[in-house]
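Engineer: The structure that follows is given in the form of C-alpha cells.
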Amino acid sequence: MTPRRSLLGLLLVIAACGGGEPPLVPGDDAQQVPPPEAGSVEIVGVSLTSGTDRSTLGIEGTKPTPCHEVGWFVEVDGSAVVTIWSELPAPEVVCAQVIKPFSIEVDLGPLEPGTEVVVNGEVVATSG
Numbered sequence: 077m078t079p080r081r082s083l084l085g086l087l088l089v090i091a092a093c094g095g096g097e098p099p100l101v102p103g104d105d106a107q108q109v110p111p112p113e114a115g116s117v118e119i120v121g122v123s124l125t126s127g128t129d130r131s132t133l134g135i136e137g138t139k140p141t142p143c144h145e146v147g148w149f150v151e152v153d154g155s156a157v158v159t160i161w162s163e164l165p166a167p168e169v170v171c172a173q174v175i176k177p178f179s180i181e182v183d184l185g186p187l188e189p190g191t192e193v194v195v196n197g198e199v200v201a202t203s204g
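Dropping the structure here:
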C-alpha cells in the first residue's frame with residue numbers, strides 16, 4: 077500500500093469512528109468542503125496559541141440544537157483558513173430546539189509569525 081493510500085485509509089477510519097474533522101475528498105487535487113446540508117454556527121470567541129512547532133485555535137460558539145455536531149477543516153497556505161459548520165442530526169433523532177454552546181480546539185500545526193488566521197471568511201487573529 078502506498079503512503080498516500082495509507083493516509084487516506086486512516087482518514088476514512090477516523091471519520092467513520094466519529095473523528096472531529098471530515099475526511100479529505102479522494103483525488104490528486106483533494107479539496108475539503110462542508111457537506112451540502114451543512115448548517116451555520118455562530119462564533120462568539122476565538123483564542124490563538126501560536127508556537128513554532130504547534131499552534132492551536134480555540135473556538136467558542138453556538139450551534140442550532142444539542143443534536144447538531146460541529147464539523148471543520150483547516151487549510152494552511154499563506155494563511156490558516158478554518159471552515160466550521162454544524163451537521164444536521166439523523167432524521168429519526170428527536171431533539172429540543174434550543175441553541176447549544178460548543179467549544180473546540182483546532183490544531184493549526186506550526187505557523188510562521190504574521191500568518192493570518194481566518195474563520196469562516198473573517199480574519200480573527202495573526203500568529204505572533
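Quick note: to get the numbering used here, add 76 to the position in the sequence shown (first position is 1).
Idealized CB from N, CA, C, for every residue including glycine.
Since the model is a prediction, treat every value here as computed from it, not as a measurement.
List the whole-angstrom C-beta distance separating L124 from V158, where the pair is believed to meet the contact cut-off of C-beta under 8 Å.
Structural biologist: Looking up residue 124 in the sequence shown gives position 48. Looking up residue 158 in the sequence shown gives position 82. In fact, because the Cβ distance is near 11 Å, the residues do not count as touching under 8 Å.
Engineer: How many angstroms separate the CA atom of E291 from the CA atom of S179?
Structural biologist: The question about residue 291 has no answer, for the chain in this structure spans 77 to 204.
Engineer: How many whole angstroms separate the CB atoms of P111 and T138, which I take to be in contact at a CB cut-off of 8 Å?
Structural biologist: In the sequence shown, counting from the first residue as 1, residue 111 sits at position 35. In the sequence shown, counting from the first residue as 1, residue 138 sits at position 62. With 8 Å as the limit, P111 and T138 do not qualify as a contact, their Cβ atoms being about 20 Å apart.
Engineer: Just the C-alpha distance for L187 and S162, rounded to the nearest angstrom, thanks.
Structural biologist: The residue given as residue 187 occupies position 111 in the sequence shown. The residue given as residue 162 occupies position 86 in the sequence shown. Computed Cα separation, rounded: 26 Å.
Engineer: Going by the beta-carbon positions, is the gap between G115 and P140 smaller than 7 Å?
Structural biologist: Locating residue 115 in the sequence shown gives position 39, counting from the first residue. Locating residue 140 in the sequence shown gives position 64, counting from the first residue. It is a contact, given that the beta carbons lie within the stated cut-off.
Engineer: Looking at the ligand HEM, does it come within less than 6 Å of Q173, judged from the CB to the closest heavy atom?
Structural biologist: Only the bare structure without any ligand can be found here, which leaves the ligand HEM out of the picture.
Engineer: Relative to the C-alpha of G197, which residue among G147, A166, D129, A156 is closest?
Structural biologist: Counting from 1 along the sequence shown, the entry for residue 197 is found at position 121. For G197, the nearest C-alpha among the options comes from A156.
Engineer: If you drop the 5 nearest sequence neighbours on each side, which residues of the same chain put their C-beta closer than 7 Å to that of V170?
Structural biologist: If you number the sequence shown from 1, residue 170 lands on position 94. Closer than 7 Å at Cβ, skipping near neighbours: no residue.
Engineer: Distance check for P165 and H144, CA to CA, integer angstroms please.
Structural biologist: Here residue 144 refers to the residue found at position 68 of the sequence shown. Here residue 165 refers to the residue found at position 89 of the sequence shown. If you take the alpha carbons of H144 and P165, they lie about 5 Å apart.
Engineer: Under the three-state reduction of DSSP, which class applies to P165: helix, strand or coil?
Structural biologist: Stepping through the sequence shown from its first residue, residue 165 is reached at position 89. Coil, per DSSP.
Engineer: Excluding five sequence neighbours on each side, which residues of the same chain lie with their C-beta closer than 7 Å to the C-beta of V182?
Structural biologist: Numbered from 1 along the sequence shown, position 106 holds the residue referred to as residue 182. Closer than 7 Å at Cβ, skipping near neighbours: T132, L133, I135, W148, V150, V158.
Engineer: Between D129 and the rest of its own chain, which residues show a CB-CB distance below 8 Å, the 5 nearest in sequence each way excluded?
Structural biologist: Indexing the sequence shown from 1 puts residue 129 at position 53. If we look at D129 and ignore the five residues flanking it on each side, its Cβ neighbours are P186.
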